[in-house]
Every structure is written in structure tokens, then in C-alpha cells.
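Working notes, beginning with the structure itself.
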Amino acid sequence: MEPLRENKEKIRSFDVLSSVNQFRYDLENFGEIKAETREQVINEELSLICEGIDRSSRSSFVLKRLEGQLVYFNDGTWRPYQLLLEDGLAVAKAEKEIDPRKKILVDLRNQDKYYGQKMAWLSPGESMTWYSAYPENEAKLYGDDFMISLGFKPHRRMGFLYQASCQEDGSILLQS
């Protein structure tokens, strides 16, 4: 498993080209798109589509467990899920330093990290449920254009319900 990315200035909290870049990475480094990358991109794009359509939707994906850690596939290797959450928090903090309105991103990434840690502690047969509300206060303070720049869909004002269930093999089925 790879450590945190060293080049964090290229990482953004919302990057519409993220999936394209994942495919490009695989093609440049392996000459093909790995099945794990394809699965990760499908999950991410499905989540993005679910946020953009005008009805409730469900998406689900599995976080595997490797060497006792939850992992996901990125840049051709399995990475600890906790590192993804830490990267996200670091990026949110950096963006907040540039634009203090982006404090909401820090709050959301802290929430992600908290629930990510709780998911890692689940044992087979256990589950947990939580929600993430649409950030109404920030939308009122900063407007729809700002919210769109963060990847939100202000016309929907949609929140998410999550359920994480630990499977018999120790993997986590995460449904939103």
C-alpha cells in the first residue's frame, strides 16, 4: 500500500476530471485500465449522478479489508481508506486557508474521517447508519454559485443517508 500522496497541491476537494485522470494513470503506467480502477470510477460516477438527478437514488460499494485496514483501489494500488480521508481533510484545510468560506469542507471531511474510523471498527454482522445534511447555512451565507463550485447541487438541497455493514469476510458494504 502506498503512503499519502506527496503532491497534494494537485488534489482538490471537487475535481470533475478525477475519473478521467484515474483512467489516464492506469493507461500511462500499465497500458490498460485495471478492473479495480474501473470499479472505483463506476462507484464515484454513480455517486455523482445520484447527486444530480431529480429523485432519490441509492449507490453502494465495497471497501475491502487488507492487513486489517479498509482499502480502496487508486493509482494502480490498494491504499488505506483512512489515508484517503486524511488526504481529503488536508486538502480541505489547505483550501480553507485560501478561502475561509470553505470551512464547511473541513467540517465535512472531519465528519467523514470520524465515520471512516467507526466503519473500520465494525465486526462481521455489525452495521451503522448516519446522515449528512445539505449545508443550508453555508448556502444561505454564500449562495448557489459557491455551493456549485464545491460540487453541491443547490437546486436539490439533498442530504445523504449512509449505512455501512461489515460482511463475513471483513469488507464493508457502504450504501448511500
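Residue 253 is where the sequence shown starts when you use our numbering, and the numbers rise one by one after that. Glycine included, C-beta positions come from ideal geometry on N, C-alpha and C.
- The C-alpha of MET399 lies about 14 Å from the C-alpha of GLU347.
- Proximity to GLU291 across LYS316, ASP339, ASP364 peaks at LYS316, based on C-alpha coordinates.
- In the three-state scheme derived from DSSP, where H, G and I count as helix and E and B as strand, SER271 is classed as helix.
- Residue pairing by DSSP places ARG331 opposite TYR324 in a beta bridge.
- Inter-segment contact for the stretch 387–403 and the stretch 366–378 is absent: fewer than three beta-carbon pairs are separated by less than 8 Å.
- Of the residues THR381, ASN281, LYS355, GLU297, the one whose Cα lies closest to the Cα of TYR367 is THR381.
- The residue among GLN321, ALA385, ASP327 with its C-alpha nearest the C-alpha of VAL272 is ASP327.
- Taking C-beta atoms as the reference points, SER379 and ALA416 count as a pair closer than 8 Å.
- It is roughly 20 Å from the alpha-carbon of GLY403 to the alpha-carbon of PHE313.
- Taking a 10 Å sphere around the C-beta of THR329, we find fewer than 16 other C-beta atoms and assign the residue as exposed.
- According to the DSSP assignment, MET380 belongs to the beta strand (DSSP E) that extends over 379–384.
- When the beta-carbon positions are compared, LEU413 and GLN419 stay at least 8 Å from each other.
- Boundaries of the beta strand (DSSP E) around PHE412: 412–418.
- Residue range 355–372 is occupied by the alpha helix (DSSP H) that includes LEU360.
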